[in-house]
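Trainee:
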Amino acid sequence: MLEAFEILTTSGVVLWSKAYAPVGAHVINSLINDVFIEEKVVPQNTTASGVSPAYKKEKYTLKWKRVKEFDLIFVAVYQSLLHLGWIDKLLENISTIFIDLYKDQVKGNRARIQTYRFDQYFEQQVRELEDNTGGFVEENVPEKGEKKDTLVSSDNGGPPPPPVPGLVKAQPRAALAGATSDEGTPPATPEISRSSTPQGHLLTAKAGPGGRGSRRSRKAANSSANASSGDDARKGKSAKTPVKKMRRWDASGMADEDDGEILDYSAPAEEEAAAPAVEAVSEEDWGRRTGKGQFVLKELGEEVQSILDQADAEKSKATASSGVVGSGFNAIGGFFRNIVGGKVLTESDLEKPLKAMEEHLLKKNVAREAAVRLCEGVKGEMIGKKTGNFQSTDAALHVAMESSLRNILTPTSSLDLLREINAVVAPTTKQQAPRPYVMSIVGVNGVGKSTNLSKICYFLLQNKYRVLIAACDTFRSGAVEQLRVHADRLKELSVRENAGDVEIYQKGYGKDAANVAKDAVDYAAANKFDVVLIDTAGRRHNDQRLMSSLEKFAKFANPDKIFMVGEALVGTDSVMQARNFNQAFGTGRNLDGFIISKCDTVGDMVGTLVSMVHATGIPIVFLGVGQHYGDLRGLSVPWAVSLLMK
1 MLEAFEILTT SGVVLWSKAY APVGAHVINS LINDVFIEEK VVPQNTTASG
51 VSPAYKKEKY TLKWKRVKEF DLIFVAVYQS LLHLGWIDKL LENISTIFID
101 LYKDQVKGNR ARIQTYRFDQ YFEQQVRELE DNTGGFVEEN VPEKGEKKDT
151 LVSSDNGGPP PPPVPGLVKA QPRAALAGAT SDEGTPPATP EISRSSTPQG
201 HLLTAKAGPG GRGSRRSRKA ANSSANASSG DDARKGKSAK TPVKKMRRWD
251 ASGMADEDDG EILDYSAPAE EEAAAPAVEA VSEEDWGRRT GKGQFVLKEL
301 GEEVQSILDQ ADAEKSKATA SSGVVGSGFN AIGGFFRNIV GGKVLTESDL
351 EKPLKAMEEH LLKKNVAREA AVRLCEGVKG EMIGKKTGNF QSTDAALHVA
401 MESSLRNILT PTSSLDLLRE INAVVAPTTK QQAPRPYVMS IVGVNGVGKS
451 TNLSKICYFL LQNKYRVLIA ACDTFRSGAV EQLRVHADRL KELSVRENAG
501 DVEIYQKGYG KDAANVAKDA VDYAAANKFD VVLIDTAGRR HNDQRLMSSL
551 EKFAKFANPD KIFMVGEALV GTDSVMQARN FNQAFGTGRN LDGFIISKCD
601 TVGDMVGTLV SMVHATGIPI VFLGVGQHYG DLRGLSVPWA VSLLMK
């Protein structure tokens with residue numbers, strides 16, 4: 001829906017841009033020329049608070065925000081047929097975040113020309129605003145005074161539509177030459193556009209006077225035009241379609257008659273083009289270095305949320321002391337409007353508002369039993385409490401709910417993974433021999449175990465560790481090849497960034513995963529690896545036959561940490577997943593932490609975090625927020641609480 005977004009200076013330097021569809025450069029240039037240079041167009045809607053001025057050019061509407069202090073202009077471009085109600089909020093938030101992050105670079109009369117890594121901040125804001133508004137789109141009816149431009153050039157938003165067949169008359173003997181001319185070459189279009197017209201659709205000249213031709217030639221031309229773009233030219237009727245010969249296999253798994261055909265496609269062909277270079281990840285985008293040189297992850301939401309909160313606090317200092325309860329709690333606050341300050345709250349006073357609070361948590365994807373426990377904690381804290389003379393009951397309820405959420409999400413033990421690894425790899429006492437630190441990843445099918453294992457590996461490589469990836473998913477076809485690709489790309493990044501070292505340990509398919517894991521740990525100890533990351537097969541949490549093998553796996557591999565990967569969008573089934581996996585490793589062995597994947601897909605519905613921790617009491621260690629190796633974050637409890645209270 002959003003076509004493009006530009007951040008530029010008043011002198012015309014483009015600092016950062018994002019395009020979802022091709023937009024002609026003249027569209028932005030017209031805005032600068034008509035509004036800022038010649039001032040031929042008077043901005044509209046400038047008097048309305050919170051509404052950005054708009055400018056229309058051809059089929060686009062451009063909204064902008066100008067920050068005179070830094071001489072910056074923020075421009076959002078979208079099609080005029082659509083009404084995006086969140087564009088004004090997007091301009092406000094993006095301008096606040098960008099200036100806070102890069103105010104030193106853009107301050108002064110001349111902005112520094114450099115690479116502004118702003119993509120992840122922008123994408124996060126777009127996702128949040130789209131989710132909060134529910135993707136509200138409304139068609140705008142053109143005004144009477146406006147004339148629709150029927151002829152739009154190809155650089156105004158895509159190539160022109162193909163000509164209607166029958167209206168273009170091809171000259172005799174010209175179609176063959178046209179196939180090799182520039183007009184016969186379809187213009188370069190982005191991936192999101194429609195597929196290009198196949199060569200079989202080119203108009204051909206018809207023989208005979210006036211180009212009419214015979215009935216047989218016209219029929220042949222029509223049949224060729226209706227052929228699909230992926231089909232080859234049809235052969236004559238006499239040609240027979242070859243029938244695939246059945247291949248027979250013996251008991252040993254070998255073919256009875258080997259025709260020399262290659263069936264193993266795991267190794268790349270010699271003529272195959274080389275894989276594209278792995279995209280580098282900047283350290284500043286997902287972590288920072290400590291004084292000791294260790295690389296630690298950022299907590300999700302700590303940057304953007306703190307920037308926006310600080311900006312809101314500066315705008316509304318007068319209302320900062322009052323109870324601010326999110327829009328979802330309007331109904332809750334309504335139950336307290338008749339209660340004045342200084343009243344001692346009773347159970348009857350809290351019954352209705354706590355019921356409304358429970359419904360709000362259920363809408364945030366929190367399991368019912370977890371929501372009930374949270375409300376019970378709030379009730380126990382507020383019954384018998386006397387509100388202050390200048391404290392609204394809204395504020396008291398908000399504080400109590402935050403406290404209950406914080407108690408559930410806050411881990412009761414240390415989550416300093418780097419310190420634990422160093423204690424095992426380089427012990428301080430002579431009685432303890434150094435050995436590799438072993439971590440295992442478990443979970444149901446399709447939650448992202450291999451992907452998050454690779455992210456953790458990349459995080460460990462930033463701390464100069466030697467990592468061995470053990471491919472213990474010996475059941476799913478392609479699992480070993482998937483890890484090999486990850487290992488190759490991580491090794492390339494390690495060499496480029498002068499980081500640690502990574503290798504893969506695999507024994508193919510059909511082997512016992514527990515034995516492969518044990519052999520991998522022994523191999524790591526013999527070759528002085530620091531960390532072993534064990535990938536396991538996905539399994540249904542309610543299938544006892546599949547879950548029973550985890551107990552043997554835990555005994556053979558004896559991992560230091562067992563992390564379960566759960567999806568943020570799984571819903572209330574997360575409770576049973578967490579409990580079943582936690583009880584599958586035998587007596588005295590449980591899960592050590594959760595990795596919640598796909599947190600970038602749920603917006604503020606992060607109730608799965610509360611549900612899984614409530615079900616087991618096991619903390620959340622990592623959050624997956626994307627598909628790149630650097631899209632790994634630690635849990636920020638204030639961030640999660642603010643989204644749940646939103």
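Residue numbers (full-length UniProt numbering): 1 to 646.
Even glycine gets a Cβ: it sits at the ideal position worked out from N, Cα and C.
What does the alpha-carbon distance come out to for the pair Thr451 and Lys355?
Mentor: Whole-angstrom Cα-Cα distance: 40 Å.
Trainee: In whole angstroms, what is the alpha-carbon distance linking Glu351 and Lys343?
Mentor: Whole-angstrom Cα-Cα distance: 16 Å.
Trainee: Going by beta-carbon coordinates alone, are Asp501 and Arg466 separated by less than 7 Å?
Mentor: Cβ distance < 7 Å, so Asp501 and Arg466 count as in contact.
Trainee: Terminal residues of the continuous alpha helix (DSSP H) containing Glu69?
Mentor: Per DSSP, Glu69 belongs to no alpha helix (DSSP H) and is neither H nor E.
Trainee: Skipping 5 residues on each side, what residues in its chain have a beta carbon closer than 7 Å to that of Ala517?
Mentor: Hits under 7 Å: Ala470, Cys472, Ile534, Phe553, Phe556, Ala557.
Trainee: If we count the other Cβ atoms within 10 Å of its Cβ and call it buried at 16 or more, is Pro436 buried or exposed?
Mentor: Answer is buried; the Cβ neighbour count reaches 16.
Trainee: Going by other Cβ atoms of all chains shown within 10 Å of its Cβ, with 16 needed for buried, is Asp604 buried or exposed?
Mentor: That one is buried.
Trainee: Val537 by DSSP, collapsed to three states: which one?
Mentor: One point to set straight first is that residue 537 is Ala, not Val, in the sequence displayed. Reduced to three states, the DSSP call for Ala537 is coil.
Trainee: So what does DSSP say about Gly624, is it helix, strand or coil?
Mentor: Strand at Gly624.
Trainee: Could you give the uninterrupted runs of the alpha helix (DSSP H) lying entirely in the region 500-567, keeping only those of 4 residues or more?
Mentor: Within the region 500-567, the complete alpha helix (DSSP H) runs of at least 4 residues are 513-526, 544-547, 549-557.
Trainee: Going by beta-carbon coordinates alone, are Leu635 and Leu623 separated by less than 7 Å?
Mentor: Yes.
Trainee: Considering only the beta carbon of each residue, do Phe5 and Lys18 sit closer than 7 Å?
Mentor: Contact flag set, yes.
Trainee: Is it right to say Ser348 is buried, meaning 16 or more other beta carbons lie within 10 angstroms of its own, or is it exposed?
Mentor: Looking at its Cβ environment, which holds fewer than 16 other Cβ atoms inside 10 Å, Ser348 is exposed.
Trainee: Considering only the alpha carbon of each residue, which of Ile99, Ala513, Val606, Pro619 lies closest to Leu362?
Mentor: Per the Cα distances, Val606.
Trainee: Confirm, please, whether the CB-CB distance from Thr61 to Ser30 is below 7 Å.
Mentor: No, the Cβ-Cβ distance between Ser30 and Thr61 is not below 7 Å.
Trainee: Please report the residue range of the alpha helix (DSSP H) in which Met576 lies.
Mentor: From DSSP, the alpha helix (DSSP H) with Met576 extends over 574-582.
Trainee: According to the Cβ coordinates, are Thr608 and Ser574 closer than 7 Å?
Mentor: In this structure, Ser574 lies closer than 7 Å to Thr608 by Cβ.
Trainee: With three or more C-beta pairs closer than 8 Å as the rule, is the region 419-433 touching the region 513-528?
Mentor: No contact exists between the region 513-528 and the region 419-433.
Trainee: Just checking: is the beta-carbon of Ala400 within a distance shorter than 7 Å of some beta-carbon in chain C?
Mentor: No chain C is part of this structure, which consists of one protein chain only.
Trainee: Using CA atoms only, rank isn't needed, just tell me which of Thr10, Lys40, Gly384, Glu369 is closest to Val613.
Mentor: The candidate whose alpha carbon is nearest that of Val613 is Glu369.
Trainee: Does the region 482-501 come close enough to the region 399-406 to have 3 or more Cβ pairs within less than 8 Å?
Mentor: Flag = no, the region 482-501 and the region 399-406 do not touch.
Trainee: So, is Met576 buried or exposed, given that buried needs 16 or more other C-beta atoms within 10 angstroms?
Mentor: By the 10 Å Cβ count, Met576 comes out exposed.
Trainee: The beta strand (DSSP E) with Met439 in it runs from where to where?
Mentor: Unbroken beta strand (DSSP E) run through Met439: 437-442.
Trainee: My parser needs the alpha helix (DSSP H) runs of 4 or more residues fully inside the region 401-438; what are they?
Mentor: You should have 417-425.
Trainee: What residue range does the beta strand (DSSP E) around Ile7 cover?
Mentor: Segment 2-9, the beta strand (DSSP E) holding Ile7.
Trainee: Can you list, in chain order, the residues of its chain whose CB lies under 6 Å from that of Val602, leaving out five sequence neighbours each side?
Mentor: Excluding residues within five positions, the ones whose Cβ falls inside 6 Å are Ala568, Leu569.
Trainee: How about Leu591 and Ile618: do their beta carbons lie closer than 7 Å?
Mentor: For Leu591 and Ile618, yes; Cβs fall inside 7 Å.
Trainee: Quick check: what's the CA-CA separation for Glu381 versus His360?
Mentor: Cα to Cα, the separation comes out at about 19 Å.
Trainee: Which residues mark the beginning and the end of the beta strand (DSSP E) in which Arg484 is found?
Mentor: Unbroken run through Arg484 is the alpha helix (DSSP H), 479-497; no beta strand (DSSP E).
Trainee: Do Leu15 and Gly7 come within 7 Å of each other at the CB atom, strictly closer than that value?
Mentor: Position check: residue 7 holds Ile in this sequence, whereas Gly was assumed. Yes, the pair counts as a contact, with Cβ atoms nearer than the cut-off.
Trainee: Rounded to whole angstroms, what is the Cα-Cα separation between Gln462 and Gln627?
Mentor: If you take the alpha carbons of Gln462 and Gln627, they lie about 18 Å apart.
Trainee: Using a 10 Å radius around the Cβ and a threshold of 16 neighbouring Cβ atoms, would you call Ala25 buried or exposed?
Mentor: Per the 10 Å Cβ criterion, exposed.
Trainee: What did DSSP end up calling Ile595 once you bin it into helix, strand or coil?
Mentor: Strand, per DSSP.
Trainee: Give me the Cα-Cα distance between Glu272 and Gln482, rounded to the nearest whole angstrom.
Mentor: Residue placement at Glu272 is poorly supported in this model, since its pLDDT is 44, which falls under 50; the coordinates still yield a value, given next. Straight-line Cα distance between these residues: approximately 18 Å.
Trainee: May I ask you to report which of helix, strand or coil DSSP gives Thr608?
Mentor: Three-state result, Thr608: helix.
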